[in-house]
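Just so we're aligned: 743 in my numbering is position 159 of the sequence shown, and the numbers increase by one with no gaps anywhere.
Ideal Cβ positions, reconstructed from N, Cα and C, are used throughout, including at glycine.
Shown next, in structure tokens, is the structure this report addresses.
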Amino acid sequence: MPKGGRRVRIFSALEVANICGVVNQTAINWIRSGHLKAFTTPGGQYRIYAKDLATFLDKRGMSASGDVLQDIMENANWNTLLIAMEQYQNDQLKADMELIFPKQTIVQAFDWFEVGIKVIEKKPGIILLDDTLPGVDVNKFIHIVKNDNAFGKPFICILSEFYNKEASPAQADLVFTKPIDMSILETEIRNFYRAPDRAVNA
């Protein structure tokens with residue numbers, strides 16, 4: 585289901601306790617001990633973002649009703665596409681993608697610091713990631729993003745100078761050899777968007 589512009593869901597400690605079937609103090613203890621990430625309001629009340637509650641439940645194998653899980657498991661924003669590569673190539677690819685997908689929001693990141701921030705803030709549905717971008721282990725990044733519900737489980741495409749099937753990241757959805765054949769890239773992304781739970785006006 586497209587995330588669109590819906591508001592981020594925030595829970596109180598009492599709501600967390602009710603979801604988990606425990607008393608309010610237990611939820612507060614989880615927060616104070618660092619097991620459940622939370623922030624405090626100006627009035628001193630604990631509040632928990634949906635993505636952090638989802639991660640907490642997932643790590644502990646805890647279950648909740650379907651409606652609650654649907655509410656807290658934040659999907660990726662299928663209307664947003666992140667291009668992560670050095671600036672010159674990034675600018676050119678962004679211009680090409682804007683022509684092909686004029687209704688999509690194209691976000692850029694030029695280094696790993698920006699990649700991390702924008703993956704968290706924008707929760708892009710598709711990530712085009714240059715495997716030569718220095719500073720981080722690409723396999724580790726993909727593993728974290730693919731296995732943490734907080735990121736919405738995006739579709740990750742690796743852009744590679746030298747495609748090696750054996751050496752390519754195991755959890756990447758697609759690998760493209762540079763220079764990129766834009767017709768193939770367009771076809772693959774449109775095929776991805778055709779899935780019922782990711783239907784957008786691409």
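Could you compute how far the alpha carbon of I603 sits from the alpha carbon of V699? Looking at the backbone, the Cα of I603 and that of V699 are separated by about 33 Å.
As an exercise, report each continuous beta strand (DSSP E) stretch of at least 3 residues that is fully enclosed by the segment 591-625, in chain order. If one requires a minimum length of 3 residues, the beta strand (DSSP E) runs lying completely within the segment 591-625 are 594-596, in chain order.
Take every Cβ of the segment 729-745, pair it with every Cβ of the segment 706-717, and state whether three or more of those distances are shorter than 8 Å. Under the three-pair Cβ rule at 8 Å, the segment 729-745 counts as touching the segment 706-717.
Limits of the unbroken alpha helix (DSSP H) element including D680: Annotation for D680: the continuous alpha helix (DSSP H) segment containing it runs Q671 to I684.
Locate the alpha helix (DSSP H) running through K631, then write down its first and last residues. A small fix is needed here, since residue 631 is Arg in this sequence, not Lys. Going by DSSP, R631 is part of no alpha helix (DSSP H) but of the beta strand (DSSP E) stretching over Y630 to Y633.
State the CB to CB distance for the pair K620 and I632, rounded to an integer number of angstroms; the pair is presumed to be in contact (CB under 8 Å). The sequence given here has Leu at residue 620, not Lys. Correct: roughly 6 Å between the Cβ atoms.
Report the option in V759, P708 and Q673 whose CA atom is closest to the CA atom of T689. When V759, P708 and Q673 are compared, the shortest CA-CA separation from T689 is found for P708.
Classify T664: buried if its beta carbon has 16 or more other beta carbons within 10 angstroms, exposed otherwise. Buried is the call here.
So that I know if they touch, is there some Cβ in chain C lying closer than 9 Å to that of W696? Among the chains in the structure shown there is no chain C, since it carries only a single protein chain.
Just to confirm my understanding: we take P738, look at its own chain, exclude 5 residues before and 5 after, and list those with CB closer than 7 Å. What are they? Hits under 7 Å: A660, P708, G709, I710, I711 and V729.
State the start and end residues of the unbroken alpha helix (DSSP H) segment that holds L769. Element bounds for L769: M766 to Y777.
Could you check if K791 is buried or exposed, using at least 16 other CB atoms within 10 Å of its CB as the buried criterion? No statement about residue 791 is possible, as the shown extent of the chain runs from 585 to 786 and does not include it.
With respect to the alpha helix (DSSP H) encompassing F760, which residues constitute its N-terminal and C-terminal limits? Premise fails: F760 lies in the beta strand (DSSP E), L758 to T761, not in any alpha helix (DSSP H).
Cβ neighbour criterion (16 or more within 10 Å) applied to F735: When all chains shown are included, F735 counts as buried.
Using C-beta distances below 8 Å, list every residue in its chain close to N608, excluding the 5 sequence neighbours before and after it, in chain order. Result list for N608: A597, L598 and A601, in chain order.
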